[in-house]
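**Student:** Using our numbering, read the sequence shown as starting at 16 and increasing by one per residue.
Cβ coordinates follow ideal geometry from the N, Cα and C atoms, glycine included.
Please read these numbers as outputs of a predicted model, since none were measured by experiment.
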Amino acid sequence: MLTSSRYRFYWVNFGIPLACAVVVFLLFDLTRIDIAFSDLFYDPATQVFPLQHVHLFEKITHKWARIIPNWTGEVAMIGALLSFLWPRLKAEKHSKIIALLEKIKIAPVLRFASKHRRDFLYVVFAFSISTGVIHYLKGHTSVYCPVETTQYAGKIEHKEWYQNFDLLKVAGDGRCWPGGHASGGFTMLALYFVARRYRWRYSKALMHGSLLLGFVYGTTRVLQGWHYMSHTFWAGIFVWLACLLTALAFYGRARLELPVLQKVASPVVEPFTGLQSSKPDVPPSWS
């Protein structure tokens with residue numbers, strides 16, 4: 016039973032992303048589907064991507080969109096720092112300080128941060144590792160963005176990532192693969208693994224929302240000619256693996272593979288008898 020559970024965990028969390036990587040490589044990197052899709056949003060007459068020059072579109076989808084992952088990372092960093100303060104306060108030595116913190120409602124925040132120190136640190140590390148992986152791949156593949164290539168009136172010849180890849184040194188000046196903007200949205204997947212640690216029943220909704228966010232971030236850049244569609248898929252695959260491996264290091268597989276908790280049963284008063292019975296609001300199920 017335990018063995019089958021372990022195999023299922025690894026298949027779902029590692030097998031599916033790796034299978035997706037194979038599909039993306041065969042379907043996009045070895046064909047011209049990326050170019051064909053980007054051609055839909057390119058005006059050959061003016062030799063530009065029209066949405067590239069729409070200031071409001073650029074501001075909303077590029078600059079403002081960074082707020083969600085940036086603020087999440089900043090909150091995690093602040094929470095991680097605050098988590099070390101409360102344990103240092105001793106009732107016998109710092110009674111006045113503790114009383115003041117309680118009065119101004121800071122003490123509950125410090126207690127919460129201390130209780131969830133591991134989670135805050137996990138998010139900080141997951142964000143950092145994901146960003147580091149994406150930056151490493153960008154530098155060691157030197158892929159140029161569509162608008163920079165001769166395919167779309169640029170000056171650089173279009174090449175796939177595997178044609179330039181260098182494991183140990185920077186391959187060139189290109190910085191377009193995988194999608195950096197998409198990866199910013201995908202880093203929110205770190206919150207999914209925190210939710211799985213606590214077996215939160217809405218954790219899958221959090222996962223789907225993070226995937227959607229990254230996909231939207233990446234797609235808007237495709238419309239502007241700054242990425243190919245496959246760049247978004249690759250970003251999602253690498254960020255998922257980075258968040259997963261970090262979660263395994265922080266929480267362990269046994270914790271992450273536990274089924275989510277369902278809605279707690281609420282007592283129902285039986286008619287005419289006045290007796291209470293514990294009937295669940297929803298049929299019990301495990302996922």
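Are there 16 or more other CB atoms within 10 angstroms of the CB of residue 149, so buried, or fewer, so exposed?
**Tutor:** Position 134 of the sequence shown holds residue 149. Per the 10 Å Cβ criterion, buried.
**Student:** Three-state secondary structure (DSSP) at residue 27?
**Tutor:** Position 12 of the sequence shown, counted from the first residue, corresponds to residue 27. In this structure, residue 27 counts as helix in the three-state DSSP scheme.
**Student:** So does the region 113 to 124 actually touch the region 237 to 254, counting three or more Cβ pairs closer than 8 Å?
**Tutor:** no
**Student:** At the level of alpha carbons, what is the spacing between residue 57 and residue 186?
**Tutor:** Along the sequence shown, one-based indexing puts residue 57 at 42. Along the sequence shown, one-based indexing puts residue 186 at 171. Distance between the alpha carbons of residue 57 and residue 186 is about 28 Å.
**Student:** Can you tell me the Cα-Cα spacing of residue 22 and residue 98, whole angstroms?
**Tutor:** Your numbering for residue 22 matches position 7 in the sequence shown. Your numbering for residue 98 matches position 83 in the sequence shown. If you take the alpha carbons of residue 22 and residue 98, they lie about 35 Å apart.
**Student:** Do the region 171 to 189 and the region 121 to 140 meet, that is, are 3 or more Cβ pairs less than 8 Å apart?
**Tutor:** no
**Student:** Tell me the rounded alpha-carbon separation between residue 204 and residue 81.
**Tutor:** As a position in the sequence shown, residue 204 is number 189, starting the count at 1. As a position in the sequence shown, residue 81 is number 66, starting the count at 1. Distance from the CA atom of residue 204 to the CA atom of residue 81, rounded to whole angstroms, is 15 Å.
**Student:** For residue 61, does the count of other Cβ atoms within 10 angstroms reach 16, so buried, or fall short, so exposed?
**Tutor:** Taking the first residue of the sequence shown as 1, we reach residue 61 at position 46. Residue 61 comes out exposed.
**Student:** Just reading off the alpha helix (DSSP H) that residue 147 is part of, what are its end residues?
**Tutor:** Numbered from its first residue, the sequence shown carries residue 147 at position 132. Run containing residue 147: 132 to 156, per the alpha helix (DSSP H) assignment.
**Student:** Out of 179, 228 and 64, which one is the CA nearest neighbour of residue 169?
**Tutor:** Position 154 of the sequence shown, counted from the start, is the residue given in the question as residue 169. Of 179, 228 and 64, the residue nearest in Cα terms is 64.
**Student:** Cα-Cα, which of 153, 277, 41 and 101 is closest to residue 124?
**Tutor:** Mapped onto the sequence shown, residue 124 falls at position 109. Among 153, 277, 41 and 101, the Cα nearest to that of residue 124 is on 101.
**Student:** With distance defined between alpha-carbon atoms, name the residue in 88, 200 and 216 nearest to residue 273.
**Tutor:** Locating residue 273 in the sequence shown gives position 258, counting from the first residue. When only C-alpha atoms are compared, the closest one is 216.
**Student:** Considering residue 258, what are the terminal residues of the alpha helix (DSSP H) in which it resides?
**Tutor:** Within the sequence shown, numbered from 1, the residue matching residue 258 stands at position 243. Its alpha helix (DSSP H) spans residues 244 to 266.
**Student:** Quick check on the DSSP output: the alpha helix (DSSP H) that includes residue 212 runs from which residue to which?
**Tutor:** Position 197 of the sequence shown holds residue 212. From DSSP, the alpha helix (DSSP H) with residue 212 extends over 204 to 212.
**Student:** What are the boundary residues of the alpha helix (DSSP H) that residue 218 is part of?
**Tutor:** On the sequence shown, residue 218 is found 203 positions in, with the first residue counted as 1. Unbroken alpha helix (DSSP H) run through residue 218: 218 to 238.
**Student:** I need the straight-line Cα distance from residue 214 to residue 104, nearest angstrom please.
**Tutor:** What you label residue 214 is simply residue 199 of the sequence shown in a count that begins at 1. What you label residue 104 is simply residue 89 of the sequence shown in a count that begins at 1. C-alpha separation (whole angstroms): 31 Å.
**Student:** Can the beta-carbon of residue 253 be found less than 8 Å from the beta-carbon of residue 96?
**Tutor:** The residue you call residue 253 lines up with position 238 of the sequence shown. The residue you call residue 96 lines up with position 81 of the sequence shown. Against a cut-off of 8 Å, the Cβ pair of residue 96 and residue 253 comes out as no contact.
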